[in-house]
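Numbering (the numbering used here), first residue to last: 656 to 858.
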Amino acid sequence: MANKKTLIERVADKRYITEDESKEIVNDVLDSVWELLLEEKLLSIYGFGSFNLYITKGRVIRSPRDQSIIEVPDRLNVSFDIGMAKKDMLYDRAAKKPTPLGQKIMSDIRVVVSESESKKSDKKEKAEKVVAKKTEETDLPPLPKARKTTRKKIQRQQLNKMQERIEKAPIRPKWVEESKVVKAGRPKGSKNKNTTENTTENE
Numbered sequence: 656m657a658n659k660k661t662l663i664e665r666v667a668d669k670r671y672i673t674e675d676e677s678k679e680i681v682n683d684v685l686d687s688v689w690e691l692l693l694e695e696k697l698l699s700i701y702g703f704g705s706f707n708l709y710i711t712k713g714r715v716i717r718s719p720r721d722q723s724i725i726e727v728p729d730r731l732n733v734s735f736d737i738g739m740a741k742k743d744m745l746y747d748r749a750a751k752k753p754t755p756l757g758q759k760i761m762s763d764i765r766v767v768v769s770e771s772e773s774k775k776s777d778k779k780e781k782a783e784k785v786v787a788k789k790t791e792e793t794d795l796p797p798l799p800k801a802r803k804t805t806r807k808k809i810q811r812q813q814l815n816k817m818q819e820r821i822e823k824a825p826i827r828p829k830w831v832e833e834s835k836v837v838k839a840g841r842p843k844g845s846k847n848k849n850t851t852e853n854t855t856e857n858e
């Protein structure tokens with residue numbers, strides 16, 4: 656906050672004078688302003704603004720503590736209306752003034768929220784496209800299921816093949832098997848006996 660001392664220092668810097676000299680100048684200006692207000696009740700400085708002195712009339716009020724009646728005397732008040740040129744300067748400075756940290760953070764948060772909402776909308780659109788594609792695929796005829804081969808089925812197939820081979824094999828007549836049995840059980844010398852019988856019959 657600026658005060659009278661800062662005003663004195665500013666005048667001393669601008670006029671290249673000492674602070675004591677600038678203090679005398681500032682005091683003279685303020686005293687003259689107050690004197691003119693008391694005399695004229697209105698002081699207008701072109702390009703800067705106008706000071707207006709007005710009096711609020713006294714009134715009677717009631718104390719909130721003990722409800723007693725208090726008389727308030729007349730009171731002097733001073734109002735200041737800034738000039739148009741200074742108003743324009745203030746508006747330009749306010750427009751060029753950087754935004755506070757809190758407002759900047761809130762703006763960054765809004766940007767992040769808007770980006771997240773856009774990402775959510777993109778994900779939603781992608782999900783809708785995937786659902787539409789799946790519905791199109793379900794409309795097509797179903798593909799044949801792949802056959803699952805287990806160990807039992809493989810063994811069954813092998814047994815069936817063996818049975819087919821056995822059934823397709825050539826069947827031998829019974830006399831072949833009987834002759835094999837006779838040859839295997841014929842005693843020694845039977846061949847000579849048969850030959851003797853044949854010779855006797857021929858005679």
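Even glycine gets a Cβ: it sits at the ideal position worked out from N, Cα and C.
Everything numeric in this text was worked out from a predicted model, so none of it was measured.
Take residue i as the anchor and find which of the options has the nearest alpha-carbon.
i, options, result
"ILE710", "ARG717, VAL733, VAL727", "VAL733"
"PHE706", "PHE735, PRO719, ASP777, GLU694", "PHE735"
How big is the Cα-Cα spacing for residue i and residue j?
i, j, result
"GLY738", "PRO728", "32 Å"
"ARG721", "ARG714", "The question names Arg, yet the displayed sequence has Asp at residue 721. Cα to Cα, ASP721 sits roughly 18 Å from ARG714."
"LYS659", "ALA667", "12 Å"
"LYS823", "ASN815", "12 Å"
"ARG730", "GLY702", "29 Å"
"VAL836", "ILE821", "Here VAL836 scores only 48 on pLDDT, less than 50, and its place in the model is too uncertain to base an answer on."
"ILE725", "TRP689", "30 Å"
"SER776", "ALA740", "51 Å"
"ILE716", "ALA657", "36 Å"
"MET744", "GLU783", "56 Å"
"THR632", "LYS781", "Given a span of 656 to 858 for the chain in the structure shown, any question on residue 632 remains unanswerable."
"LEU693", "VAL684", "14 Å"
"LYS742", "PRO719", "41 Å"
"ASP747", "ILE672", "31 Å"
"LYS778", "ILE809", "49 Å"
Give me, in chain order, the residues of the same chain whose beta-carbon lies closer than 7 Å to that of residue i; leave out the 5 immediate sequence neighbours on both sides.
i, result
"GLU600", "There is no way to answer for residue 600, as the model of the chain reaches only from 656 to 858."
"ARG670", "SER677"
"SER699", "SER705"
Going by beta carbon distance, what residues of the same chain come within less than 6 Å of residue i, once the five residues before and after it are set aside?
i, result
"LYS696", "LEU708"
"ARG811", "none"
Looking at chain C, is there any beta carbon in it that lies within less than 7 Å of the beta carbon of residue i?
i, result
"ARG806", "Within the model displayed, chain C is absent; a lone protein chain is all it includes."
Using a Cβ-Cβ cutoff of less than 8 Å, which residues in the same chain neighbour residue i once the five nearest sequence positions on both sides are dropped?
i, result
"VAL681", "LYS659, LEU662, ILE663, VAL666"
"SER691", "In the sequence under discussion, the amino acid at residue 691 is Leu, which differs from the Ser named in the question. So the qualifying residues of the chain are LEU698."
"SER723", "ARG717"
Check: Quick one: complete alpha helix (DSSP H) runs, 4+ long, within the stretch 674-741?
Finding: Counting whole runs of 4 or more residues, the stretch 674-741 contains the alpha helix (DSSP H) stretches 674-695.
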